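Participant: Just so we're aligned: the sequence shown equals residues 1093 to 1602 in my numbering.
Just so it is clear, CB atoms sit at the ideal spot from N, CA and C, and this is done for glycine as well.
Treat the numbers as computed from the prediction; the structure is a model and nothing was measured.
Here's a structure for you.
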Amino acid sequence: MLFNSIEFLFFYLPLVLLVFLWLQRLGNLRLLMGWLVAASLFFYAWWNPAYLLLLLFSASINYSLGLLLARSERGAVWLALGILFNLGLLAYFKYAEFFLGNINTAFELGWNVRHIILPLAISFYTFQQITYLVDTRKGLTEAHGFLEYCLFVSFFPQLIAGPIVHHSEMFAQFKKLHQPADSSRNITVGISILVIGLFKKVVIADSFATIATPVFSLAAAQSELSMVDVVAGSMAYALQLYFDFSGYSDMAIGLACLFGVKLPVNFFSPYRAQNISDFWRMWHATLSRFLRDYVYMPLGGFLCSPRRQRFNLFLTMFVGGVWHGAGWTFVLYGICHGFYVVVHQLWRVRVSGPLGLVNRNGYKLLAQALTFLVVVLSLILFRADSVATAGHLYTQLVQPEGWMFNSQLLALIERTNVLRVADAIAPVVPAVALIYGLIVMACLACWLLPSTFQLFRHCDVTIDQIDCSRPAFFSFEWQPNGYWAWIMAVMALTCCLNLSAVSEFLYFQF
């Protein structure tokens, strides 16, 4: 079930919330948690009921291992078995087909490699449960039962695509679900954040998909593309991914808020980052937190020699790249960002730090522009269906000629709503100007407007304190008044008009 689907927004969510509020008035905690677990499992099973058994199996094994870790003197053995179990499960469903296919091709073995369906959310709930096992071994988990644990693993607002929550962030909140809360405030704020996230997804992200998809489809067919085509396609995809993931992250926070639960911030204006390390702290922040705490630090963290630190950073970013998917493009994407991070560390230590460049406004603008550029270039690998497709796009990007759109590409784009709406507004403006105009406006919105969490900074809707040390160029905040009610109503109506063609969130595939 998708957050942007009619069945979720108008049937599932109202029913789950109404029953939750009724049970909250009764004050029975176990009934409340049981209802949320049942609702979350139904939400997951809507996609494929068979894989609900896998989720329950994984949760049961990890909970049992947690009990053994807490009580047994052979905790190291149980922890190793638990990590192997989780990584083995993930490796089979996510990477087995990739490895077997490549071995089959390399050695011409003639195997009939079966396609393995990737279970929804397995990458997220696997990492989440690894953190639980590691911290249980360290004695950092508080007392809990199987019901709390199931809710921790399956809580539907963040189950499918994060944030990757920590047990210490959730168990204490779940134990207070039955306590009286300001439900009207939670609903007002939650729905407002939900609407903003939905608008980002169905109005902005899906619109840029209609520009990006034809470019990458033609590249996959090795069709000739101009530099203008590739720039438009890569920029459009960068914006599609940005608003798609930002929209999902907003909706997750908003949905959790409806139930009085706070989630950690997972996405915080990453295109305003001034270096690649900063970018990863702002883009999928909870994945970066996991990689730091459970990959980088066990490798030695900051206690190693500078050369070993750089190697550990590279390896950590490589893991982050291949976590996103099984394919050579993701391998290269991980290598690319590992290289970026190492170069940034060397630059910071040897150049920008000693010269005091980081405090100069001109340097900050240049650093932000360069960071955005290298991220967009790497996203060609992230989006391409093969290395050949990515290579074709990079080759076409550096062609000295080609300042006109490919006519075949333009025909594909013109079948979509993006240019139809734009043509109605400005019928005499060339299509290339309309497309680039939309891209420029969206980039300016990313760079200049406050993030959702800056808008709601005084509403206390997230676990983390939002870092507002770098405020947006235009600074304003949401208020519970008629003015903002009208804005939310217009955005909600616009979203409803765009719900006919429902598309998955991009991070669902990871």
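Can you give me the Cβ contacts of Phe-1371 inside the same chain, cut-off strictly under 7 Å, excluding the 5 residues immediately before and after it?
Facilitator: For Phe-1371, where only same-chain residues beyond five positions count, the Cβ hits under 7 Å are Pro-1362, Ala-1365, Thr-1463, Val-1467.
Participant: Assuming Leu-1179 is part of the alpha helix (DSSP H), what are its boundary residues?
Facilitator: Run containing Leu-1179: 1167-1199, per the alpha helix (DSSP H) assignment.
Participant: Quick check: Val-1434 and Leu-1405, are their CB atoms within less than 7 Å of each other?
Facilitator: Yes, these two residues count as a Cβ contact at 7 Å.
Participant: Going straight from the alpha carbon of Gly-1483 to that of Leu-1161, what length do you get?
Facilitator: Their Cα atoms are separated by approximately 48 Å.
Participant: Leu-1307: buried (16+ other C-beta within 10 angstroms of its C-beta) or exposed?
Facilitator: Before going on, a small fix: residue 1307 reads as Val here, not Leu. Buried: at least 16 other Cβ atoms inside 10 Å.
Participant: Which word fits Trp-1203, buried or exposed, when buried means at least 16 other C-beta atoms lie within 10 angstroms of its C-beta?
Facilitator: So Trp-1203 ends up on the exposed side.
Participant: If I measure Cβ to Cβ from Gly-1126 and keep anything under 7 Å in the same chain, skipping five residues before and after, which residues do I get?
Facilitator: Here the set comprises Leu-1239.
Participant: In angstroms with no decimal places, state the Cα-to-Cα distance between Arg-1440 and Val-1353.
Facilitator: Answer to the nearest angstrom: the Cα atoms are 39 Å apart.
Participant: With three or more beta-carbon pairs closer than 8 Å as the criterion, would you say the segment 1137-1155 touches the segment 1263-1276?
Facilitator: The answer is no - the segment 1263-1276 does not touch the segment 1137-1155, with fewer than three Cβ pairs under 8 Å.
Participant: Restricting to Cα atoms, I'd like to know which of Tyr-1599, Pro-1572, Tyr-1104 is closest to Leu-1379.
Facilitator: It is Tyr-1599 whose Cα lies nearest to the Cα of Leu-1379.
Participant: Taking the alpha carbon of Phe-1100 as the point to measure from, which residue in Val-1129, Leu-1124, Tyr-1136 has its own alpha carbon closest?
Facilitator: It is Tyr-1136 whose Cα lies nearest to the Cα of Phe-1100.
Participant: How should Asn-1039 be labelled, buried or exposed, when 16 other C-beta atoms within 10 angstroms of its C-beta is the threshold for buried?
Facilitator: The requested residue 1039 does not occur in the structure, where the chain is confined to residues 1093 to 1602.
Participant: Would you kindly check if the distance between the Cβ of Pro-1356 and the Cβ of Asp-1556 is under 7 Å?
Facilitator: Taking 7 Å as the Cβ cut-off, Asp-1556 and Pro-1356 qualify as a contacting pair.
Participant: Alpha carbon to alpha carbon, how far is His-1207 from Gly-1180? Give it in angstroms, no decimals.
Facilitator: In a straight line, the C-alpha of Gly-1180 is about 17 Å away from that of His-1207.
Participant: Taking only three categories from DSSP, how would you classify Leu-1210?
Facilitator: Reduced to three states, the DSSP call for Leu-1210 is coil.
Participant: Please confirm whether Leu-1331 and Ala-1534 have their CB atoms less than 7 Å apart.
Facilitator: A contact, by the Cβ cut-off of 7 Å.
Participant: From the DSSP output, in three-state form, read off Ile-1203 for me.
Facilitator: Looking at the sequence shown, residue 1203 is not Ile but Trp. In this structure, Trp-1203 counts as coil in the three-state DSSP scheme.
Participant: Any chance you could list the alpha helix (DSSP H) runs of at least 4 consecutive residues sitting entirely within the segment 1395-1463, in chain order?
Facilitator: Listed in chain order, the complete alpha helix (DSSP H) runs (minimum 4 residues) inside the segment 1395-1463 are 1398-1415, 1420-1439.
Participant: The alpha helix (DSSP H) with Met-1093 in it runs from where to where?
Facilitator: Taken as a continuous stretch (DSSP letters only), Met-1093 belongs to no alpha helix (DSSP H), as it is neither H nor E.
Participant: May I have the straight-line CA-CA distance separating Leu-1123 from Gly-1412, to the nearest angstrom?
Facilitator: One C-alpha to the other measures close to 38 Å.
Participant: Is the beta carbon of Met-1583 less than 7 Å from the beta carbon of Phe-1291?
Facilitator: Against a cut-off of 7 Å, the Cβ pair of Phe-1291 and Met-1583 comes out as a contact.
Participant: Out of Thr-1481, Asn-1367, Phe-1263, which has the shortest C-alpha to C-alpha gap to Leu-1121?
Facilitator: Nearest C-alpha to Leu-1121: Phe-1263.
Participant: Do the segment 1270-1286 and the segment 1240-1250 make contact, defined as three or more Cβ pairs closer than 8 Å?
Facilitator: Contact between the segment 1270-1286 and the segment 1240-1250 is absent, because fewer than three Cβ pairs lie under 8 Å.
Participant: Report the three-state DSSP secondary structure of Leu-1541 (helix, strand or coil).
Facilitator: Leu-1541: coil per DSSP, three-state reduction.
Participant: By how many angstroms is the C-alpha of Pro-1563 removed from the C-alpha of Pro-1075?
Facilitator: Here the chain comprises residues numbered 1093 to 1602, so residue 1075 is not present and cannot be evaluated.
Participant: Which ranges does the alpha helix (DSSP H) cover as unbroken runs of at least 4 residues, wholly within the segment 1215-1262, from first to last along the chain?
Facilitator: The segment 1215-1262 contains these whole alpha helix (DSSP H) runs: 1238-1246, 1248-1251.
Participant: Helix, strand or coil for Phe-1359? Go by DSSP, reduced to three states.
Facilitator: Phe-1359: strand per DSSP, three-state reduction.
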